[in-house]
Structures are given as structure tokens and as C-alpha cells.
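Student: Counting along the sequence shown from 1, when you hit position 205 you're at 189 in my numbering, and nothing is skipped either side. A virtual CB, placed ideally from N, CA and C, is assigned to each residue, including glycine.
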Amino acid sequence: MARKPKVLIPEDLGTQRPLAEKLPSSGFELVRVPPGTGADGVLKLAAEVDAIACHPRLRCPSALIGAAPRLRAVVSTVIGVDHIDVAACSERSIIVANGAAPENFLGMAEATVLAILAVTKELNRKQRALREGHWRPEPLRAFLLRGRTLGLIGFGRISRGVVARLQGWEIRMLSYDPYVSPEAISAAGVEPVDLETLLKQSDIVSIHVLLTPESRGMIGARELALMKPGSVIINNSRGGVVDEAALAR
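(1) Only counting the same chain, and skipping five residues up and downstream in sequence, which positions put a Cβ closer than 8 Å to that of residue 64?
(2) Given that a residue counts as buried once 16 or more other Cβ atoms are within 10 Å of its Cβ, and exposed if not, what is residue 233?
(3) Return the CA-CA distance between residue 101 and residue 137, expressed in angstroms with no decimal places.
(4) Per the contact definition of three or more C-beta pairs closer than 8 Å, is the stretch 172 to 189 in contact with the stretch 131 to 147?
(5) Using a Cβ-Cβ cutoff of less than 6 Å, which residues in the same chain neighbour residue 182 once the five nearest sequence positions on both sides are dropped?
(6) Take the Cβ of residue 176 as the centre, count every other Cβ of all protein chains shown within 10 Å, and call the residue buried at 16 or more, exposed below.
(7) Using the rule of at least 16 other Cβ atoms within 10 Å of the residue's Cβ for burial, across every protein chain shown, is residue 165 buried or exposed?
(8) DSSP beta-bridge partners for residue -9?
(9) Hey, could you find the ends of the alpha helix (DSSP H) residue 144 is sitting in?
(10) Which partner residues does residue 175 have in the DSSP bridge list?
(11) On the three-state DSSP scale, how would you describe residue 193?
(12) Assuming residue 26 contacts residue -9 under a Cβ cut-off of 8 Å, what Cβ separation, rounded to an integer in Å, is found between them?
(13) Spatial neighbours of residue 22 within its chain, please: C-beta separation below 8 Å, excluding the five flanking residues on both sides.
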């Protein structure tokens, strides 16, 4: 009987759980990583696997790649691959891929709308006031979304999902993405603009880009200074896209 390819996969997949459910019926044997497994334990589990399915909580550094002599593929269960040592994979001709599963990008689109509402309605401040017994807290800075401008940095599946969920909210939507044609952005009912225009005109800036050498720190002191006073920035990509020191200032 032929040996089934083994896939190292974390148990805490969350919305990507259907991936684990489908693999056995497709001829794969699962090697599960229980939550809380230490680094040494993960290395031992990787010894005989042919593929690794990883996400930001189960990173794939060079040590893990080196512990898996049979390894042929590393697949990210999310869109980003910054938690994978791509260079180490390339040295051994190991395929690196990402899984843009609907559970991932649709879930992030929903989470973005949730974050927009939570921030613009000051939900955290309101909840804290209620817990402390302040039934009529100090004047809030919450504002209606109607008539406001939302700027989307990056126009991939997540941004498109945000646009679909905000249709009918009477929001003006802008997007900056040098890798998507202006025609494709316009076809979605969104205005294609350059980054400077987006930052200057948006009441809410929502970031949806991969973390790459090009995008790391793309929102720094200069870009933050362009934003409107009182505007909101939401980063649902990776923290490294925003210069946190500049943001704190």
C-alpha cells in the first residue's frame, strides 16, 4: 500500500477548519499540532511530513524546514506568507503557497466592518463608562458613517468584501493599489486614487496589504501627517506596514 503524504497542521485553525476536514478524503494523513506545543515538540512532529499547513500562530522558520527532510510544500492558511522563511524554502526548492480560502478573506472583511463601527461609535469607551456606572458619560466623538469617506489601501479580496458589505451605507469609497488597474477599482464602485489623495481625503483609512519589503513601514510619519485631524486608521493587515513609533507620536 502506498504511503499517504503527511501534512503537519495546527489544530487551532479557526475558520480554516474545513481544510483539515477535507484533507483525509483527498488522500493525506494529518499530523496535528495541539495548541500549546513547544518549539521542540513541533520539530519532532515535522520529521516525517511532506507538507506543512501553517498560519501566524504556527510559524515556519528555517529550523522547522530543516527538521523536515521530506518536506515538499509549505502552505499558508492565510493570505500572507511573512510567517514562512521563504528563502529557506527556496534553497531546497520547496513550494510556498497561500490559501485564500473564503473563510479567511470573508471573515476579515466582516472583521474590518466590525472594527470601523467599533472605532467610529467609540464602543470601547461606552462599555467602559457603563461598567464604571457612568450612565451619561462625557461627550463622545462618535460620528455617523453616512457621508464620510473610506480609504482602502490595497484592493484585493478583503477590500472588495468590505465594499460589498458597505453598499447602501452612503459612504464614499476610495482605493489605492498600484497592482490593480483603475478600471477594475472603478468597476466595483470605488474611486481609484493615489496614496496621498487617499490619506488627505479619508475619514477612515483601512489597510489591506501583504507585508513585504515594499510595504513594510509604508505608513510612516509623512503619511500620518497627511491624514485629517480626527480621522481613523484601521490596520487589518500586518503591524509592520505601519511605523508604530511614528503612530505613537
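Tutor: Taking the structure as given:
(1) 40, 82, 194, 195, 221, 222
(2) Exposed is the call here.
(3) 18 Å
(4) yes
(5) 135, 158, 160
(6) buried
(7) exposed
(8) 14, 35
(9) 141 to 149
(10) 158
(11) coil
(12) No, residue 26 and residue -9 are not in contact; Cβ-Cβ is about 14 Å, not under 8 Å.
(13) Counting only residues of its own chain and dropping the five nearest sequence neighbours on each side, residue 22 has no CB closer than 8 Å to any other CB.
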